[in-house]
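Number of protein chains: 2
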Amino acid sequence: MSDVAELAGVSTSTVSRALRNPETVSLELRARVDAATASLGYVPNSMAGGLAASRTRTVGVIVPSLVNSFFSATIEAMAEVLNGDGYQILLGNSGYTIEREEALVNSFLSWSPAAIVLTGQMHSRITLQRLLNADLPIVEMWELGENPLDTLVGFSHRAAGRTAARHLLDTGRQRLAFIGAAPEHDRRATQRGAGFSEAVIEAGFPAPVCITMPERASVEGGGQLIAQLVTTYPRIDGVFFSNDVLMLGALFECQRRCIQVPQALGLIGFGDLDFAAWSQPTLTTIRPPRREIGTAVAEHLLHRFHHRAGVATTIDLGFDLVFRGST
Amino acid sequence: MSDVAELAGVSTSTVSRALRNPETVSLELRARVDAATASLGYVPNSMAGGLAASRTRTVGVIVPSLVNSFFSATIEAMAEVLNGDGYQILLGNSGYTIEREEALVNSFLSWSPAAIVLTGQMHSRITLQRLLNADLPIVEMWELGENPLDTLVGFSHRAAGRTAARHLLDTGRQRLAFIGAAPEHDRRATQRGAGFSEAVIEAGFPAPVCITMPERASVEGGGQLIAQLVTTYPRIDGVFFSNDVLMLGALFECQRRCIQVPQALGLIGFGDLDFAAWSQPTLTTIRPPRREIGTAVAEHLLHRFHHRAGVATTIDLGFDLVFRGST
DNA sequence: CGGCATCTTGCAAGCGTTTGCAAATAACTT
DNA sequence: AAGTTATTTGCAAACGCTTGCAAGATGCCG
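Given below as structure tokens:
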């Protein structure tokens, strides 16, 4: 930076200001600094900057999993907006455990990030305490419950489950089931299942059968669970899957067993993944605002960074029922 | 840190050493420092550390896309190993363009990372120059070509294409086609296609038909391309897809058109994604070492970090042909 | 028991920015 | 023209660690 300062014939403080807050430097000097910066190919040292300012242009983001395209889409969208403003994403993968999340929050905090984004509202006591002490914007995404830490961006999974139930009932199914994965880890999937059951019961139908597996959602698991379901409860005529991936496995298993979808069995999933619109038959599903969540989080943060004010909000992005061939 | 030092009754330099290089500190002091650290809940400031040491426990990783589960699996595996040793991943998404890659490398370098990991061997001149100047370990992954920048971890896509060709020919198909996506961006997919054609021609068969679309691989695209293929070239009896996702779309389209797979048309893909083993019929594919690449990269880097020596190598992780129902 | 090599420890000088403060300059007012 | 206010600039003190160097402590040898 002192090289740039010398070349531009100014002090390093002016260079720093010209780079961070251009509006506080006269037009002429700003131009000279920009020219010097460009001609030297100067790249500021982020750590020195971060140390001096005790905050960085970095946002720590923690998701439960990457191989799951729900969160990848959210992250991609978030990164696009954030990068456009010079912010970097520090990505962490909690593997659906709050212990890993705690460790990640800890190490992220050591980078003085501009904000922290978490998935869901379930955190360890220590995480909460550290986060609150840190005094920075916190966003919890993909869930919409009580007592947000700060800002919440998501939608109601319970409502999504209810919508699925109503859809199956509306299309004439009466004996329903819910198929899910990793219930003890994926709280949101569990909420969808709960909303589903709730709505079925409210409508005066028998409580749906609930079949789950401890592992994460997979095509294989979906196939196995549906096999188990149709064997044990042959009269079931409608199934809600906590995840489209499970539904895909079930669809293949139905093909193998010559179970007619949607005639004999109606299937509705969650996620609206790529394949749902092009399978045979196409798959009815609930579309969560995958990219929208990322965009909304990023825009909210950018807003707060610019107008250094604490405007904690709750943003409900809703979801859509996508009615297709499987129901 | 001075609080910890005071509590432990030592100097800050001893605390620093006890934390970074425990073996250089006596057992007794090390224990006292650890106790003080724990009781104060001290978390070192990474930026101060990075600034002082002019390097951080950070690895910059750039992938073309996240929604693609090839790279997500690699990153997850890499992160597991790296996190275990206290390293953080700084993740960037180049969107398959070398301009974004250049920008990302630039901003990563401002964090003095311990290493940089890139996808593929195609980089802009400026990227190359900056990287070489930076004097840090560089890994190019998922590709295995000439003139590595430093270390290479991957497998031969050309060989994968050749294997696919031989498999289709071995199973009696004679009129082959290749279906791919985003050829001008995804160089590796193109290499697979080239290897495929090459092997078909070498075996004395007519050059395969090549159909591609400009967008990235999607289930929809796979369906459309196969529709186009069977309409234009009805006599084709074997198809190699640059990506399992395309193959899945094609499978559904074949179901819609009542084209018997594998009897009338043999399908082989690339990726061995989750669904390939459980679809109906199951899908023959080439399995790339998705997680293995991540693990190998991480272990290579850890090795270099520990024994501060420059051991650039090339690691060929190979691939597997997974023979299933679609051929 | 003295001399020498090996371990441990503390001192203090950075690392490359940011930013409060004050000085210098410019722009208005009356 | 003097006084007041607003704008622009530079100075220099942090920011919280790491690490080369030297001093002190310990162990080993003949």
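Protein chains in written order, with our numbering: chain A, 799 to 1125; chain B, 799 to 1125.
In this text, a Cβ means the ideal position worked out from N, Cα and C, and glycines have one as well.
Spatial distance of residue i from residue j (CA atoms)
| i | j | result |
| --- | --- | --- |
| Gln-1078/A | Arg-990/B | 28 Å |
| Val-879/A | His-1101/A | 12 Å |
| Asn-881/B | Ile-1057/B | 48 Å |
| Thr-1010/B | Ala-979/B | 5 Å |
| Ile-977/B | Gly-893/B | 21 Å |
| Ala-997/B | Glu-1051/B | 27 Å |
| Ala-877/B | Thr-1093/B | 8 Å |
| Ala-912/A | His-1104/A | 11 Å |
| Leu-1115/A | Asp-1072/A | 20 Å |
| Val-857/B | Ala-850/A | 23 Å |
| Ser-1016/A | Ile-896/A | 22 Å |
| Leu-805/A | Asp-832/A | 11 Å |
| Leu-838/B | Ser-811/B | 18 Å |
| Leu-930/B | Thr-872/B | 24 Å |
| Arg-956/B | Leu-1027/B | 23 Å |
| Val-823/B | Arg-985/A | 45 Å |
| Glu-821/A | Ala-836/A | 19 Å |
| Asp-1035/A | Ala-962/A | 14 Å |
| Tyr-1031/B | Arg-898/A | 53 Å |
8 Å Cβ cutoff met for residue i and residue j
| i | j | result |
| --- | --- | --- |
| Phe-1003/B | Leu-1044/B | no |
| Gln-919/A | Gly-890/A | no |
| Ser-1124/A | Pro-1060/A | yes |
| Met-799/A | Ser-809/A | no |
| Ser-922/A | Glu-941/A | no |
| Val-861/A | Leu-888/A | no |
| Leu-847/B | Ser-910/B | The amino acid at residue 847/B is misidentified as Leu; the sequence shows Gly. Result no, Cβ atoms of Gly-847/B and Ser-910/B do not sit closer than 8 Å. |
| Thr-949/A | Ile-936/A | yes |
| Gly-1020/B | Phe-1039/B | yes |
| Ala-834/B | Val-865/B | no |
Residue i versus the options, residue with shortest Cα-Cα distance
| i | options | result |
| --- | --- | --- |
| Thr-744/A | Glu-874/A, Leu-1049/A, Ser-954/A and Tyr-894/A | No answer is possible for residue 744/A: it lies beyond the span of chain A, which begins at 799 and ends at 1125. |
| Ala-987/A | Pro-1012/A, Arg-964/A and Arg-923/A | Pro-1012/A |
| Thr-917/B | Asn-843/B, Cys-1008/B, Glu-938/B and Gly-959/B | Glu-938/B |
| Arg-964/B | Ala-806/B, Asp-801/B and Phe-1121/B | Phe-1121/B |
| Ile-1084/A | Ala-958/A, Gly-847/A and Ala-901/A | Ala-958/A |
| Met-845/B | Ala-1096/A, Ala-1005/A, Arg-1055/A and Ser-852/A | Ser-852/A |
| Asp-1118/A | Glu-1090/A, His-1105/A and His-1098/A | Glu-1090/A |
| Leu-817/A | Gly-1069/A, Ala-975/A and Gly-884/A | Gly-884/A |
| Val-903/A | Gly-1020/A, Arg-928/A and Ile-887/A | Arg-928/A |
| Arg-1033/A | Val-1007/A, Pro-1087/A and Ala-833/A | Val-1007/A |
| Ser-867/B | Val-1109/B, Thr-1080/B, His-1098/B and Gly-1069/B | Gly-1069/B |
| Ala-875/B | Ser-863/A, Phe-869/A and Val-1028/A | Ser-863/A |
| Ser-870/A | Pro-1087/A, Arg-855/A, Glu-1097/A and Ala-803/A | Pro-1087/A |
| Gln-886/A | Leu-1099/A, Ala-1110/A, Val-1109/A and Gly-1108/A | Leu-1099/A |
| Leu-907/B | Thr-1080/B, Thr-854/B and Arg-1055/B | Thr-854/B |
| Arg-1014/A | His-983/A, Val-1028/A and Arg-898/A | His-983/A |
| Leu-947/A | Arg-956/A, Arg-960/A, Ala-932/A and Thr-961/A | Ala-932/A |
| Gln-1022/B | Ala-1005/B, Arg-1054/B, Ile-999/B and Asp-1035/B | Arg-1054/B |
| Ile-999/A | Arg-973/A, Val-1109/A and Gly-952/A | Arg-973/A |
| Leu-1046/B | Gly-1108/B, Leu-1081/B and Gly-952/B | Leu-1081/B |
| Asn-843/B | Glu-1097/A, Gly-970/A, Ser-905/A and Pro-981/A | Ser-905/A |
| Ala-1062/A | Arg-971/A, Trp-1076/A, Leu-934/A and Ala-1005/A | Arg-971/A |
| Arg-960/B | Pro-981/B, Asn-945/B, Ala-1110/B and Ala-1005/B | Ala-1005/B |
Whole-Å CB distance - residue i paired with residue j, under 8 Å assumed
| i | j | result |
| --- | --- | --- |
| Asp-783/B | Gly-1064/B | Because chain B is modelled from 799 through 1125, residue 783/B falls outside the range shown and cannot be assessed. |
| Met-915/A | Val-1095/A | Per the sequence presented here, residue 915/A reads as Val, with Met not at that position. So it is a contact: roughly 6 Å between Cβ atoms. |
| Ala-1048/B | Ile-1024/B | 4 Å |
| Ala-992/B | Val-1037/B | Between Val-1037/B and Ala-992/B the Cβ distance is about 16 Å, and since that is not below 8 Å, they are no contact. |
| Arg-830/B | Gly-807/B | 7 Å |
(request) Using a Cβ-Cβ cut-off of less than 7 Å, give me the residues of the segment 1007-1036 of chain A that come near chain B, in sequence order. (result) Ser-1016, Val-1017, Glu-1018 and Gly-1021
(request) Closer than 7 Å, Cβ to Cβ, to anything on chain A: give me those residues from the segment 866-898 of chain B, in chain order. (result) Ser-867, Ser-870, Ala-871, Ile-873, Glu-874, Ala-877, Gln-886, Ile-887, Leu-888, Leu-889 and Asn-891
(request) Name, going along the chain, the residues of the segment 821-851 of chain B whose beta-carbon falls closer than 7 Å to a beta-carbon of chain A. (result) Val-841, Pro-842, Asn-843, Ser-844, Met-845, Ala-846, Gly-848 and Leu-849
(request) Compile a chain-ordered list of the residues in the segment 895-920 of chain A whose CB is closer than 9 Å to at least one CB of chain B. (result) Arg-898, Ala-901, Leu-902, Asn-904, Ser-905, Phe-906, Leu-907, Ser-908, Trp-909 and Ser-910
(request) With 8 Å as the C-beta to C-beta threshold (strictly closer), list the residues of the segment 1064-1079 of chain B near chain A in chain order. (result) Asp-1072, Phe-1073, Ala-1075, Trp-1076, Ser-1077 and Gln-1078
(request) Residues of the segment 981-1010 of chain B with a CB closer than 7 Å to any CB of chain A: list them in chain order, please. (result) none
(message) Output needed in chain order: residues of the segment 923-953 of chain B with a Cβ under 8 Å from some Cβ in chain A.
(response) none
(message) Along the segment 1095-1118 of chain A, where does the CB come closer than 7 Å to a CB of chain B? Name the residues.
(response) none
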